[in-house]
Structures are given as structure tokens and as C-alpha cells.
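Below is one structure, written out as C-alpha cells; comments come after it.
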Amino acid sequence: MKTLSLLGLALLVPLGLAQTVTVYPGFAEVKEPVTLPEPPWTFLAPEGLLESLLPGSLRLLGVEEEARRFAPGGVVFYYRKGGRAELRYLTQAVSGSLFYTLEDTLLTAWARISSRLDLSPKTLFLVAGEVPLAPSFQPKALMERGGPPPSGEGFGVHRYPLPALPLKPGTTEIRFAQKAVVLERILSYEGGFSTQETLPLTRGYRFSAPFPLAPGSVEVTEKGTFLGQGRLPLSGEGGEVRFVLGQDLEARALRTLRLLEQTEKGATFQVETRIQNPYPYPVLLRVQEVFPRPFRLEGEVQTLPEGYRLERLLAPKEEFRWGYRVSLPGFP
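For the sequence shown, counting from 1, position 287 maps to 286 in numbering that gives the first Met the number 0; every step adds exactly one.
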């Protein structure tokens, strides 16, 4: 370009050595300090950068800009006078997400950053959360999703500092937090009244968040065995975290039902359920069963307006039984 001078070339050399890169779901903000000559100044953009910019996001901060002109391979900036400034832009050539691993009781948080640029940040951040963009500039990939979160699952913005590793074209995964947790294993059933011989139980986990958690997938292994993937919910540090992996195939809650009375208005059942903890470690049993209203319930369970709740810690191999008598309306 005619406006490019030897001084301008010299000024381009330090770019990238002091970058601050903040990675969002679907895009990134890049800032880098520059010392500007007397105007104009030409920024030689890395290959592919100009095509990836969010319109209006390329700016010189710290000086009074008057105009800019885009040309093949670069941008010519016009401003009132030179001095220290900061080049800033938003690019969809870089995007990030996070995920977790839970190995026995060790929880690890990872950042996954995809880049089509070659960046050497001095400071690197990952932002988990939703940062609004104009609809026409919405990135295709949101955090761990293909679109906006379902209603009620939105969450605020959390900024995680990352080790400042180089970001080369491709995908970089960076471990940024790791801590042991006190893990509570849970077997649970939540659903309607069942006359089946077996209650389907799901396997889950509960612990206090050792650091702030943004929603993300978690891979669980125990003693080197892969158990599955779940999803961690939003939680502040110290908050209660619960997640499930799916149906448990080893633990079985077996039921015995006796029909005590049946009339045109409904039926009365005597129900007994037994379960044995099949694992060599304690598990928390949580059951919440919902009945059609109006119902009448008798038994050693915590009665709720919609049914009952039961929670009990089972020792390794311990067998536990509970029973109740329930009258239900209109039951065939």
C-alpha cells in the first residue's frame, strides 16, 4: 500500500507480543498496544482476519480517529496525532467453550479454544456466558450449544483467567482449574406412581462447587473406568452441584403391591419397596413419587402436597425397605 512506510512496518513487529485475548462462545476480543506515528498508519492484518471481523469492531483506542479505509490485506487509519494507543477488534476466527472431567474425586475445568489465527497472547481469558450481539452477527456456535439456551437455563457472564499459551490455527485445550471435591453418589427416582415391579433408578452425584462453575459437559471416570457424561449446572463457589449420568443398571428397587380395596371412586394399595446398595461405597437414596389428586397416604415417608419424598444414606451392601398405604382416585 502507498501509505505503508518503513516506520509503519517497524511498528507492526511488536503486534501480538502483548495481546490481551478474551475468548467468548463464537468469537473473541483481541487488544494489543501500539505506538502510532504521525497519521496515517496502516495495519497489516493477518491472513483471514479482515473477513472474520464483526463490522464496526476494529478500533484504535486512545486516539481520536477521523477515518479508516479497508484495502486488500490491511486497514489505513487516519487520526489527529500519533502516540500510545490500543488496537482492538472482535473476530469470529476464534471461539471458545469449556468442559469438565471428574476422575474419582478430582474435578478439572478445561477451556477449548478453536482458532483460525496465530495469536501469542500475553493475557488470556475465557468468558462463559451470553454476551449479546446484533442478530445478523450472532456466532454459529454458542457455549456447548447449537443455539440460545432453553428458557430458564440462561446464566450470567463469568470471566476465567487462563494460562497464556500460544493459540495456533486449530484447537487448543487448556486446563485452568483443578480441585478435589467431597463426592456424594446418589441413586434416585423422581416420577409418578408406578405399579411396575422395579423402579428405574438414575445414577447421579452431588458436591460443593470448589470454584465458580459455568454450565458445561462433564466426563466421569472411576478407577480408570469411563462411566459416562453429564452436564454440570451453573453454580457459584461453595454452591450445591447435582448432575445425573442416566439410568443405573446395577441397583434395583424391587416393589411388591397388594390391592387392598377397589371401588368406583378409586383403589387402595399397600406398597413395599426394597433396595440393596450394590456398591462398595455409600450411596444416597432419593425417591420422590407423585400421586394423582386427591390421594390419602399413610407410611413412614415425608408427605408432600403432590406425593412423598424419601432420602436415606445406604452403607455399602446395605439393604433398605420402605412401605406405605395409598388411596388413589379413579384408579382402574
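Note that beta-carbon positions come from the ideal geometry of N, C-alpha and C, so glycine has one too.
Return the chain-ordered list of same chain residues with a C-beta closer than 8 Å to the C-beta of Thr34, the five sequence neighbours on each side being excluded.
-> Counting from one through the sequence shown, the residue named residue 34 turns up at place 35. So the list reads Leu10, Gly81, Gly82, Arg83 and Ala84, once near-sequence residues are dropped.
Inset, instruction - Return the CA-CA distance between Val270 and Thr255, expressed in angstroms with no decimal places. - result: Translated into positions along the sequence shown, residue 270 becomes position 271. Translated into positions along the sequence shown, residue 255 becomes position 256. The alpha-carbon atoms of Val270 and Thr255 are separated by roughly 6 Å.
What would DSSP say about Leu48, mapped onto helix, strand or coil? The residue you call residue 48 lines up with position 49 of the sequence shown. Note: Leu48 maps to helix in three-state DSSP.
field: Span separating the alpha-carbon of Pro71 from that of Phe26
entry: Residue mapping note: residue 71 aligns to position 72 of the sequence shown, counting from 1. Residue mapping note: residue 26 aligns to position 27 of the sequence shown, counting from 1. About 23 Å.
(message) Which residue wins for smallest C-alpha separation from Ala127, given the options Glu288, Tyr307, Val22 and Leu259?
(response) Stepping through the sequence shown from its first residue, residue 127 is reached at position 128. When only C-alpha atoms are compared, the closest one is Val22.
field: Pro134, DSSP secondary structure in three states
entry: Start at 1 with the first residue of the sequence shown, and residue 134 comes out as number 135. DSSP places Pro134 in helix when its eight states are reduced to three.
Quick check: the segment 42-57 against the segment 103-114, are at least 3 beta-carbon pairs closer than 8 Å? Result no; under three Cβ-Cβ pairs closer than 8 Å.
- Query: Using DSSP with H/G/I as helix, E/B as strand and the rest coil, what is Arg101?
  - Reply: Looking up residue 101 in the sequence shown gives position 102. Here the sequence assigns Leu to residue 101, which means Arg is not the residue at that position. Looking at Leu101 - three-state DSSP - the assignment turns out to be strand.
>> Using the Cβ count rule (16 or more neighbours within 10 Å means buried), how would you classify Ala224?
In response: Looking up residue 224 in the sequence shown gives position 225. The sequence shown places Thr at residue 224, not Ala. Answer is exposed; the Cβ neighbour count stays below 16.
Fill in: Three-state secondary structure assigned by DSSP to Lys178
By 1-based counting over the sequence shown, the position of residue 178 is 179. Reduced to three states, the DSSP call for Lys178 is strand.
| task | Report the residue ranges of all alpha helix (DSSP H) runs contained in full by the segment 48-96; include only those spanning at least 4 residues, in chain order. | result | The qualifying runs are 48-51.
Beta strand (DSSP E) segments (min. 3 residues) lying fully within the segment 184-265: 201-207, 215-221, 224-231, 239-246 and 252-261
How many whole angstroms separate the CB atoms of Ile185 and Leu303, which I take to be in contact at a CB cut-off of 8 Å?
-> What you label residue 185 is simply residue 186 of the sequence shown in a count that begins at 1. What you label residue 303 is simply residue 304 of the sequence shown in a count that begins at 1. Not quite, the Cβ-Cβ distance comes to about 19 Å (not below 8 Å), so this is no contact.
message: Measuring straight from C-alpha to C-alpha, what distance separates Trp109 and Gly47?
response: Taking the sequence shown and counting its residues from 1, the one referred to as residue 109 is at position 110. Taking the sequence shown and counting its residues from 1, the one referred to as residue 47 is at position 48. Between Trp109 and Gly47, the C-alpha separation is close to 27 Å.
| task | Please report how far the alpha carbon of Gly229 lies from the alpha carbon of Lys121, in whole angstroms. | result | The residue given as residue 229 occupies position 230 in the sequence shown. The residue given as residue 121 occupies position 122 in the sequence shown. Each residue's alpha carbon lies about 34 Å from the other.
### Task
Kindly indicate which residue of Leu231, Thr170, Glu249 and Phe192 has the alpha-carbon position closest to the one of Arg308.
For the purposes of this step, residue 308 is taken as residue 309 along the sequence shown, with counting starting at 1. Closest option to Arg308, Cα to Cα, is Phe192.
- So, using beta-carbon positions, are Tyr78 and Leu57 closer together than 8 Å? Position 79 of the sequence shown holds residue 78. Position 58 of the sequence shown holds residue 57. Going by C-beta atoms, Tyr78 is not nearer than 8 Å to Leu57.
Note to self: Tell me the rounded alpha-carbon separation between Gln301 and Gln287.
What the structure shows: As a first step, residue 301 is located in the sequence shown; it is residue number 302 there, counting from the start. As a first step, residue 287 is located in the sequence shown; it is residue number 288 there, counting from the start. When rounded, the distance between both Cα atoms is 9 Å.
How big is the Cα-Cα spacing for Tyr204 and Pro328? The residue given as residue 204 occupies position 205 in the sequence shown. The residue given as residue 328 occupies position 329 in the sequence shown. Each residue's Cα considered, the two are about 36 Å apart.
*asked:* Please classify Phe69 as buried or exposed, where buried requires at least 16 neighbouring CB atoms within 10 angstroms.
replied: Along the sequence shown, one-based indexing puts residue 69 at 70. Around the beta carbon of Phe69, fewer than 16 other beta carbons lie within 10 angstroms, which makes this residue exposed.
Query - Opposing strand residues paired with Val33 [DSSP bridges] - result: Here residue 33 corresponds to residue number 34 of the sequence shown, with the count starting at 1. The partner list for Val33 (beta bridge, DSSP) reads Ala84.
Tell me whether the beta-carbon of Phe206 lies closer than 8 Å to the beta-carbon of Val243.
Translated into positions along the sequence shown, residue 206 becomes position 207. Translated into positions along the sequence shown, residue 243 becomes position 244. Cβ distance not < 8 Å, so Phe206 and Val243 don't count as in contact.
message: DSSP three-state label for Arg324, please.
response: Numbered from its first residue, the sequence shown carries residue 324 at position 325. Arg324: strand per DSSP, three-state reduction.
Subject >> Buried/exposed call for Met142, threshold 16 Cβ in 10 Å >> reply: What you label residue 142 is simply residue 143 of the sequence shown in a count that begins at 1. The pLDDT assigned to Met142 is 38, lower than 50, so where the model puts this residue is not dependable; a value taken from the coordinates is nonetheless given after this. Burial call: buried.
Q. According to DSSP, is Pro120 helix, strand or coil?
A. Locating residue 120 in the sequence shown gives position 121, counting from the first residue. Three-state result, Pro120: strand.
Exercise. Under a Cβ-count criterion, where at least 16 other Cβ atoms within 10 Å of its own Cβ denotes burial, should Val93 be classed as buried or exposed?
Worked result: Within the sequence shown, residue 93 is the residue found at index 94, counting from 1. Buried, since its Cβ has 16 or more Cβ neighbours within 10 Å.
Open item on the list: Tell me the rounded alpha-carbon separation between Glu346 and Val240.
Closed with: Given a span of 0 to 331 for the chain in the structure shown, any question on residue 346 remains unanswerable.
Q) If you draw a straight line from the C-alpha of Leu258 to the C-alpha of Glu183, how long is it? A) Numbered from its first residue, the sequence shown carries residue 258 at position 259. Numbered from its first residue, the sequence shown carries residue 183 at position 184. In a straight line, the C-alpha of Leu258 is about 37 Å away from that of Glu183.
Legend entry - Reduced DSSP category for Ala127 - H, G, I as helix; E, B as strand; rest coil: Taking the first residue of the sequence shown as 1, we reach residue 127 at position 128. Strand.
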